[in-house]
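For the sequence shown, our numbering begins at 7 and goes up steadily by one. Reading through the structure tokens given below for one structure.
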Amino acid sequence: MFQLRFTTLVEAPLTVAHDVARVLGRPWPWALTEVSSERPFADEFHGSGGLMAQVRHTRRFHPTGAGTLVDEQVEWDNRVPGVLGRLLDQTVVRRHVLAAMQAHLDLFAAAAQRRAEDVVQVVGAALVDGDRVLVARRGSGQLAGRWEFPGGKVERGESELAALVRECQEELAVDIAPQAFLGEVPLPGVVAGGAPGASTLRVWWGRVTGGELVAHEHSEVRWVTADELEDLDWIPADRPLLPAVRALLARL
């Protein structure tokens, strides 16, 4: 079994990167069969064609502060066995796999970045003070009374971190300094009239650097410890981030 691994950073959220990759397919001139798919985190296809007796192509999608890191692995067996097969791999097959994948990944990265411009993105802030994190209780809407990390939608042409700073000023009347990326959660519904399931919540941790905390858009804001997080009634989008927040508070 021969293999090559490819890593590409795509300037797009998880769902966009995954969906664009699915539309573009694989760069092989024959069809592969889907073995598994977990949107928007992974998929795997098998097949055969040309000099390849068997092909296994897997993709994994990892959220980062700069976008989505896509890890792809292509494994194959040649139709020609033994020494001749290994020579064929080194002189023909591997070269064609490299060329096909490079062209495919360049197309994929550009297409995903363009598609991301049309998707309304949501950002959130886990603001930390010592061993506590700031949580906010929604004051209106279907999720009124449930808890979340402050934040909101990214405006067109605005960077995610600029949106995070702006939202905290508007919602809480404080200035913040974003620190490291914490995680990303797919949002299953429609956000600001966009396509269902296209948006995600991307969260950074940060610190308050100025201002007096005021709940302009929430019914309550509260500083809580890691042990108190599970006692709150969280909105569905924010609950998956709690392990990352607890781990953050434990190491600061």
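Every residue, glycine too, gets a C-beta built ideally from N, C-alpha and C.
Coil, strand or helix - residue i by DSSP
i, result
"Ala-72", "coil"
"Met-7", "coil"
"Gln-79", "strand"
"Val-86", "coil"
"His-24", "helix"
"Glu-190", "strand"
"Gly-91", "helix"
"Gln-127", "coil"
"His-222", "coil"
"Arg-152", "coil"
"Leu-15", "strand"
"Phe-114", "helix"
"Arg-228", "strand"
"Leu-170", "helix"
"Ala-48", "strand"
Straight-line Cα distance separating residue j from residue i
i, j, result
"Gly-71", "Ala-27", "20 Å"
"Gly-73", "Glu-223", "29 Å"
"Ser-225", "Ala-118", "38 Å"
"Ala-150", "Val-141", "14 Å"
"Val-191", "Asn-84", "40 Å"
"Val-180", "Glu-166", "17 Å"
"Ala-105", "Arg-120", "23 Å"
"Val-196", "His-102", "41 Å"
"Ala-243", "Val-80", "33 Å"
"Val-126", "Leu-113", "22 Å"
"Gly-147", "Ala-109", "46 Å"
"Val-41", "His-24", "16 Å"
"Arg-92", "Leu-10", "14 Å"
"Phe-47", "Arg-100", "27 Å"
"Asp-233", "Val-98", "58 Å"
"Glu-164", "Gln-96", "47 Å"
"Asp-124", "Gly-136", "38 Å"
"Leu-38", "Arg-245", "36 Å"
"Arg-66", "Trp-229", "36 Å"
Integer Cβ distance of residue i from residue j, believed to fall under 8 Å
i, j, result
"Asp-239", "Arg-138", "Contact doesn't hold; Cβ gap of about 19 Å is too wide."
"Leu-255", "Val-220", "Contact doesn't hold; Cβ gap of about 24 Å is too wide."
"Leu-170", "Val-214", "Not a contact, Cβ separation roughly 13 Å."
"Gly-212", "Ile-182", "5 Å"
"Glu-173", "Gly-199", "Contact flag wrong, Cβ pair sits at about 19 Å."
"Leu-258", "Val-134", "6 Å"
"Ala-115", "Thr-14", "6 Å"
"Phe-155", "Ala-186", "The pair is not a contact, with the Cβ atoms about 14 Å apart (cut-off 8 Å)."
Same chain, Cβ closer than 7 Å to residue i, neighbours up to 5 away in sequence not counted
i, result
"Phe-12", "Glu-78, Met-107 and Leu-111"
"Gly-189", "Pro-69, Val-209, Leu-247 and Ala-250"
"Glu-161", "Ala-169"
"Leu-75", "Thr-13, Leu-15 and His-68"
6 Å Cβ shell around residue i - same chain, five flanking residues per side excluded
i, result
"Trp-82", "Phe-8, Met-58 and Val-61"
"Gly-216", "Asp-181"
"Pro-194", "Gly-203"
Beta-carbon contacts of residue i that lie in its chain and below 8 Å, excluding the five residues immediately before and after
i, result
"Trp-36", "Gly-53, Ser-54, Gly-55 and Gly-56"
"Leu-94", "Leu-57, Asn-84 and Val-86"
Min CB distance residue i to chain B below 8 Å
i, result
"Val-125", "In the structure shown, chain B does not exist; there is a single protein chain."
Segment contact flag, the region 28-38 with the region 51-63, C-beta cutoff 8 Å, min 3 pairs: yes
Stretch pair the region 18-25 + the region 196-206: three plus CB contacts closer than 8 Å: yes
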